[in-house]
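**Student:** Below is a structure I'd like to ask you about.
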Amino acid sequence: MAVVHSGSSGGLELPENVMVGQLDALANWCRKNSLWPMPFATACCGIELMATGAAKHDLARFGAEVFRFSPRQCDLMIVAGRVVMKMLPVLQRIWQQMHEPKWCISMGACASTGGVFDTYAVVQGIDRFIPVDMYVPGCPPRPEQLIQAIIDLQDKIQREGTITGREFDTAGRQLRKRALVEMAGPLTSDASRNPMLQRELAAAADAVAAKT
Amino acid sequence: MSIATPEFGTAGPEAGARSEDYLWTLNFGPQHPATHTTLRLVLKLDGERVVDAMPEMGYLHSGFEKIGEHLSFNQYVTVTDRMNYISPMANNVAWHGAVETLLGIELTPRCTYIRTIIAELARISDHLLSNGAVGLDTGAFTFFLYGFYQREVIYDIFETLCGARFTNSYTRVGGASHDFTPLVIEKIRIFLKNFPKTLNDMERLLTRNRIFVDRTKGVGVLTKEEAINGGATGPVARASGVTRDLRKDDPYLAYGDLDFQVCCASAGDCYSRYLVRMQEMRESLRIVAQALENLPAGPVDVGIGQRVARPTKQQVYSTIEGTISHFELSMSNRGFEVPHEESYAATEAPNGELGFYIVGDGSENAYRARCRPPSVLHFALFPQLIRGHTLSDVVAVLGSLNIIAAELDR
Amino acid sequence: MPSMPLAVDDILAGLAARCGAVETSVFRGQTRVVVPEPRSFEALAWLKEQGFDLLIDVTCVDYLEYPGAKHRYGLVYLLVSTATNCRLTVRVFVDDPDPTVKSVVPLWAAANWLEREVWDLFGIRFSGHPDLRRLVMPQEFTAHPLRKDYPLQGRGERHNFPIITRDHS
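Residue numbers (this note's numbering), protein chains in the order written: chain A, 5 to 216; chain B, 286 to 695; chain C, 3 to 171.
So, in structure tokens, the structure goes:
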């Protein structure tokens with residue numbers, strides 16, 4: 005894979021078959037190519053999910069075919085089909101049983117928004133109650149669309165992933181990246197409408213006050 | 286987890302007296318690979334033996350019947366697609382068959398033949414998946430892949446026909462959304478030619494397979510009396526010796542003109558249900574072949590005089606009747622003339638008798654759109670089928686009953 | 003089981019003789035018969051003896067907004083004789099408050115879940131039912147959603163769940 009760059013680095017002579025790269029990139033590369041989906045198939049989309057894994061479409065070509073029905077073994081939940089009131093607690097429990105790092109694909113209109121079932125029993129989008137990484141539109145989506153979603157998710161994992169899982173830290177994600185602070189220097193932007201920046205500024209002012 | 290009262294009066298006098306401390310309870314589902322969809326079983330086990338099972342459903346109850354009261358007869362067909370989602374075409378045919386019974390519409394001969402063909406293709410695809418799932422659950426993965434490959438061929442035919450590969454929404458009140466094109470007919474002919482070979486391969490893989498036969502023969506026996514009393518229909522009932530098939534008993538569409546046999550078995554076990562489904566696929570092929578060769582010419586939709594099916598573009602632009610009919614059908618306050626009546630009409634869906642009880646109140650929406658799902662009654666039979674068998678037989682029985690949660694819960 | 007299957011007219015006449023006034027009507031070739039609520043179980047038991055051995059469906063219609071309706075709930079029993087393939091629709095009307103019908107589970111095992119579903123979605127109580135729990139809705143649900151006075155989108159029950167974020171899981 006091209007993500008782990010080989011060759012010399014900073015004048016250091018490396019022996020043969022040794023590559024140097026970012027640890028994050030290596031972890032991401034491993035994670036994205038060993039996605040084990042947990043098919044949370046409830047309805048029609050589940051049949052298309054089966055079609056994706058069966059003959060002709062063959063998800064195995066994209067490195068995510070090891071369907072495991074135990075949440076403890078999986079790291080990608082594919083919610084295929086509508087989730088109703090009675091099922092949502094089950095969905096949440098299964099999501100909580102999955103090990104980190106974990107991702108969620110909401111497959112189909114019903115899982116994403118409730119779809120045509122705007123009724124008393126159907127949850128209007130699972131993202132109201134659990135985190136979702138990727139939405140696949142369609143009713144049901146074609147297998148090609150699901151395969152594309154998995155490829156996109158792999159791409160996302162490669163781009164954003166960190167070995168310590170900082171990308172899953174919702175509070176931490178709101179803070180400015182350290183590199184950005186170093187590059188751009190202290191905050192200069194207008195903080196009047198951004199409470200996050202206001203807090204950062206206040207913290208910086210406190211730190212300065214404590215020093216003096 | 287506590288187990289509620291067992292069903293069907295199994296708690297006889299001795300059940301209460303016996304100490305049941307050594308039994309343990311296993312929760313099976315609602316998210317389990319062998320349930321295929323979402324249903325839940327609470328099993329009471331004595332070691333490997335299943336002493337009792339309490340099925341529970343509702344994990345996919347989406348209010349289909351309530352939605353049916355808010356959508357018009359033509360709109361609701363999209364929702365019926367999602368009922369028994371492994372054969373959506375059969376649901377389309379059942380729904381609009383029931384609507385046309387209520388409205389008193391006589392279909393054109395071409396439409397009846399087209400609906401017959403697609404209903405039978407849907408039956409083949411349904412049986413391929415349900416038998417494939419039995420194979421998958423008992424360890425025969427190749428069988429499932431063979432079946433799914435042919436399902437893709439049927440998907441392809443439907444996609445050529447109406448543009449959607451899976452949830453077709455094909456029928457309309459008094460007709461269909463698209464007519465058969467020569468390409469569709471050609472594709473069905475190719476399918477008819479190739480499919481028997483796959484079917485033979487599948488039979489060779491499983492029908493005499495020692496492991497499969499041992500796993501399914503004598504497992505989950507349903508007697509004829511139990512089947513009738515429990516309301517079983519379709520392949521489940523026919524495998525128990527109930528010679529009841531609405532296509533023969535109460536011929537609808539074009540079934541009266543066609544020559545086919547009703548496939549029955551007498552043992553009532555999982556293996557018989559498998560055999561009945563395999564044989565029904567062969568009969569469906571015969572039906573499709575006959576209907577395709579005798580496909581009448583003429584229009585698909587009923588004429589503009591009846592004011593139910595939309596006229597063609599040419600009729601709209603060149604005839605006054607077409608223009609009026611188009612206008613009336615497009616206006617929300619005109620539309621169909623629905624009697625203040627109620628009627629029930631059923632079709633032989635792949636799973637059993639799929640009927641709709643529709644109450645009309647004069648508006649374009651049904652006042653009540655009750656779906657009579659075969660799966661509910663089959664699932665209710667489950668405890669008496671599994672009692673005394675082992676835990677590994679649960680998946681074989683579930684697979685052979687072919688319970689589809691969306692149809693179960695609606 | 004009778005030795006000779008009865009014709010529909012004979013059955014209707016026999017039903018009228020046993021259960022008093024029954025209304026019959028025919029629409030699109032389907033014979034419907036309305037049986038008074040207190041006698042419904044006897045009527046259905048007698049019909050089963052006459053060969054209607056297959057109970058196809060038990061369902062209900064809420065006639066709250068139906069023009070010209072005299073009763074609120076109309077139960078529908080769809081019966082089929084597997085021997086003669088004769089169909090019969092039996093209607094039983096009940097009213098608020100506390101609509102109750104006698105359960106037909108002793109006659110047909112098929113009625114078990116169908117009656118539970120009607121109880122769940124319409125709130126019709128079936129006296130003598132062995133296990134009258136909700137079938138499709140959660141047990142703690144309080145409304146009966148297919149009644150006409152219940153809105154399609156519900157009363158917000160579908161939003162009433164804890165929210166799990168990335169921090170919680």
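All residues carry an ideal CB built from backbone N, CA and C; glycine is no exception. Predicted model only: the values in this text are computed from it and were never measured.
(1) Output yes if chain A places a C-beta closer than 8 Å to the C-beta of residue 445/B; else output no.
(2) Quick one: is residue 32/A buried, meaning 16 or more other Cβ sit within 10 Å of its Cβ, or exposed?
(3) State the CB to CB distance for the pair residue 148/C and residue 123/C, rounded to an integer number of angstroms; the pair is presumed to be in contact (CB under 8 Å).
(4) From the DSSP output, which residues share a beta bridge with residue 642/B?
(5) Spell out a yes or no on whether the stretch 464-472 of chain B and the stretch 522-530 of chain B are touching, meaning 3 or more CB-CB pairs, one atom from each, closer than 8 Å.
(6) Identify each residue in the stretch 79-97 of chain A for which the Cβ-Cβ distance to at least one residue of chain C is less than 9 Å, and report them in chain order.
(7) Is there a Cβ of chain B sitting closer than 8 Å to that of residue 146/A, yes or no?
(8) State yes or no: is the beta carbon of residue 75/C nearer than 8 Å to at least one beta carbon in chain B?
(9) Taking Cβ-Cβ distances below 9 Å as the criterion, which residues of the stretch 125-145 of chain C are in contact with chain B?
(10) Interface residues of chain A around residue 67/C at Cβ under 8 Å?
(11) Identify, in the order they occur along the chain, each residue of the same chain with its Cβ nearer than 7 Å to the Cβ of residue 4/A, setting aside the five sequence neighbours on each side.
(12) Identify the continuous beta strand (DSSP E) that holds residue 43/A and give its terminal residues.
(13) Does the beta-carbon of residue 5/A have 16 or more other beta-carbons within 10 angstroms, so that it is buried, or is it exposed?
(14) Can you tell which of 439/B, 516/B and 374/B has its C-alpha closest to the C-alpha of residue 634/B?
(15) By DSSP, does residue 146/A sit in helix, in strand, or in coil?
(16) Have a look at the DSSP bridge pairing and note the partners of residue 128/C.
(17) Quick one: Cα of residue 92/C to Cα of residue 620/B, how far?
(18) For residue 27/C, which residues from the same chain have a beta carbon less than 6 Å from its beta carbon, with the 5 sequence-adjacent residues on both sides left out?
(19) Note down, in chain order, all residues in the stretch 111-128 of chain A with a beta-carbon under 9 Å from any beta-carbon belonging to chain C.
(20) Rounded to whole angstroms, how far is the Cβ of residue 640/B from the Cβ of residue 59/C, which I believe are closer than 8 Å?
(21) Going by DSSP, name the residue or residues bridged to residue 27/C.
(22) Could you tell me which uninterrupted alpha helix (DSSP H) segments, each at least 4 residues in length, are contained entirely in the stretch 304-381 of chain B, listed from first to last along the chain?
(23) Over what stretch of residues does the alpha helix (DSSP H) that includes residue 597/B continue unbroken?
(24) Pick out whichever of 384/B, 311/B and 556/B has its Cα sitting closest to the Cα of residue 520/B.
(25) Answer yes or no: the CB of residue 505/B versus the heavy atoms of the ligand GTP, is any distance below 7 Å?
(26) In chain A, which residues lie less than 9 Å from residue 90/C when you measure between Cβ atoms?
(27) Anything in the stretch 130-143 of chain A with a Cβ closer than 8 Å to a Cβ of chain C? List those residues in chain order, please.
(28) Cβ atoms of residue 606/B and residue 623/B: under 8 Å apart, would you say?
(29) Is the beta carbon of residue 525/B less than 8 Å from the beta carbon of residue 553/B?
(30) With distance defined between alpha-carbon atoms, name the residue in 543/B, 591/B, 411/B and 560/B nearest to residue 551/B.
(31) Among residues of its own chain, excluding the 5 on either side of residue 652/B, which ones have a beta-carbon nearer than 7 Å to its beta-carbon?
(32) Please classify residue 89/C: does DSSP put it in a helix, a strand, or coil?
(33) For a contact defined as C-beta to C-beta under 7 Å, what are the partners of residue 172/A on chain C?
(34) What residues of chain A sit near residue 147/C, judged by a beta carbon separation below 9 Å?
(35) Determine whether the beta carbon atoms of residue 359/B and residue 458/B lie at a separation below 8 Å.
(36) My output table needs one value for residue 202/A: the three-state DSSP class, helix, strand or coil.
**Tutor:** Answer, in terms of the structure:
(1) no
(2) buried
(3) Residue 123/C and residue 148/C do touch by the CB rule: their CB atoms are close to 4 Å apart, below 8 Å.
(4) 629/B and 655/B
(5) no
(6) 88, 89, 90, 92, 93 and 96
(7) yes
(8) no
(9) Taking 9 Å as the cut-off between beta carbons, the residues of the stretch 125-145 of chain C near chain B are 132, 133, 135, 136, 137, 138, 139 and 140, in sequence order.
(10) By Cβ distance, chain A contributes nothing, its closest Cβ being about 18 Å from residue 67/C, past 8 Å.
(11) The first residue shown for chain A is 5 and the last is 216, placing residue 4/A beyond what the model contains.
(12) 41-45
(13) Its pLDDT being 42, under 50, residue 5/A is placed unreliably by the model, and the measurement read from it follows with that caveat. It is exposed - the Cβ of residue 5/A has fewer than 16 other Cβ atoms within 10 Å.
(14) 374/B
(15) coil
(16) 103/C
(17) 31 Å
(18) Within the same chain, residue 27/C has close Cβ partners 34.
(19) Cβ contacts with chain C come from 118, 122, 123, 124, 125, 126, 127 and 128.
(20) 7 Å
(21) 34/C
(22) 349-353 and 362-366
(23) First-last for residue 597/B: undefined, no H or E at that position.
(24) 556/B
(25) With respect to the ligand GTP, the structure shown offers nothing to examine, as it has no ligands at all.
(26) Taking the beta carbon of residue 90/C as reference, no residue of chain A falls within 9 Å; the closest one sits roughly 33 Å away.
(27) 132, 133, 134 and 135
(28) Judged by beta-carbon spacing, residue 606/B lies beyond the 8 Å limit of residue 623/B, meaning their Cβ atoms are not closer than that value.
(29) yes
(30) 560/B
(31) 354, 644, 645 and 646
(32) strand
(33) Chain C residues near residue 172/A: 168.
(34) 123, 124 and 125
(35) yes
(36) helix
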